[in-house]
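The structure appears right after this line, and notes come after that.
Residue numbers (my numbering): 3 to 101.
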């Protein structure tokens with residue numbers, strides 16, 4: 003077999019299609035935390051508490067937005083300059099930069 007005849011099995015080819023859950027990410031409009039729609043439905047916003055969501059799809063849609071640009075992942079908010087700059091404190095997680 004010549005070098006230009008290399009066969010790559012299709013099972014090893016990486017697919018560029020994003021996972022379905024990635025397309026359903028939403029940002030809390032109060033604190034900017036990013037979770038999936040299902041996570042907001044199950045737990046509410048873990049940063050703000052449940053006071054603005056009653057675990058119905060309508061309240062999640064009213065309290066969150068799918069329209070945001072950029073995310074910052076904060077692992078240790080107590081020492082993160084990114085957290086201080088974006089006024090994020092408390093819960094480690096992913097936060098929307100602009101929404």
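For glycine and all other residues, C-beta sits at the position ideal for the given N, C-alpha and C.
Everything numeric in this text was worked out from a predicted model, so none of it was measured.
- Contact annotation: residue 34 and residue 87 have beta-carbon atoms that are not nearer than 9 Å.
- The residue among 32, 61, 80 and 101 with its C-alpha nearest the C-alpha of residue 71 is 101.
- For residue 61, the CB contacts under 7 Å within the same chain, skipping 5 residues up- and downstream, are 55 in chain order.
- Runs of beta strand (DSSP E) with 3 or more residues, each lying fully within the region 20–90, are found at 27–30, 36–38 and 71–76, listed in chain order.
- The beta carbons of residue 74 and residue 90 sit closer together than 9 Å.
- Residue pairing by DSSP places residue 95 opposite 76 in a beta bridge.
- Note on geometry: alpha-carbon atoms of residue 94 and residue 63 lie some 23 Å from one another.
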